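Quick note on numbering: the sequence shown equals residues 3 to 205 in my numbering. Shown next, in structure tokens, is the structure this report addresses.
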Amino acid sequence: MTASVKSAPDLARLKLAGNVTEKTPREAFEAGQAGVAGLRRVLRDHGIPDGRVSSSRLKLSSAYQYQDGVHKMVGCTCEAAFTVETGDLDGLQQLLIDVVDAGVNRVEGVEFDVTAKGELRAEARRAAVRAARAKAELYAEAAGVRLGEVVHIEDVNPDDPLPNERYRSHGAVSGHSDEDLAPGQIVVSAAVVLGFSLAGPRT
3 MTASVKSAPD
13 LARLKLAGNV
23 TEKTPREAFE
33 AGQAGVAGLR
43 RVLRDHGIPD
53 GRVSSSRLKL
63 SSAYQYQDGV
73 HKMVGCTCEA
83 AFTVETGDLD
93 GLQQLLIDVV
103 DAGVNRVEGV
113 EFDVTAKGEL
123 RAEARRAAVR
133 AARAKAELYA
143 EAAGVRLGEV
153 VHIEDVNPDD
163 PLPNERYRSH
173 GAVSGHSDED
183 LAPGQIVVSA
193 AVVLGFSLAG
203 PRT
């Protein structure tokens, strides 16, 4: 059985990249270092500490240009990629403007998340267990038997396909939520497989 809880996001994760091309490897590397330093200054101005910035190492590669039917080397490109986390969602648009002004030339993605995901996941798991028990009770009542003790419980990935048929044969219940994703909300899901014993006919 799958259950979900929703929460407004309080965290944005930005995936950024920038590159510069110069005539020599040294010039490209120095320009790349200067670009990284400038970006970090912008991030600090927005109240984002260095600990919320995950960066790749500077990468140097040859730069080519297609001219007169052939590829000609025109210099070296230095590239760096960053993942930046910020809790200031109201200032996100200005942050993107400022990092582009600082030399970032690719915004590869903006993901929204919640910092209390562990607590929300626990809430979703409790809801999944309640829903699984309620459905099992319904099936037992329809079959004229009493539901017994839990004999199997398994936490499963809510994004995985439905459990194998071997679980269903032991009274496990499962399902998917058809509720649409609300705009501007983070959905945290959990799924559980429960197996119950049967305690005999209802009286």
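Every residue, glycine too, gets a C-beta built ideally from N, C-alpha and C. On a predicted model such as this, the values are computed, not experimentally measured, just so you know.
With a cutoff of 8 Å on beta-carbon distance, E110 and N21 are scored as not near each other. If the five residues before and after T117 are omitted, its C-beta is found closer than 8 Å to the C-beta atoms of D12, L13 and G89, all from its own chain and listed in chain order. With distances taken between CA atoms, S64 lies nearest to T26 out of H48, G71 and T26. Per DSSP, reduced to three states, the secondary structure at D161 is coil, with no helix or strand assignment. Note: A193 is bridge-paired with T4 and V158 in the DSSP secondary-structure output.
Closest in C-alpha terms to V106, from the list G37, A126, G146 and D92, comes G37. Using a Cβ-Cβ distance cut-off of 8 Å, the region 144-161 and the region 55-72 are not in contact, since fewer than three pairs of beta carbons, one from each stretch, lie closer than that value. Rounded to the nearest angstrom, the Cβ distance from A83 to L16 is 11 Å, too far for a contact under 8 Å.
Under the 8 Å Cβ criterion, the region 95-103 does not count as touching the region 118-134, having fewer than three qualifying pairs.
By the neighbour-count criterion, in which a residue is buried when 16 or more other Cβ atoms sit within 10 angstroms of its Cβ, I188 is buried. Look at K61 here: in three-state DSSP terms it is strand.
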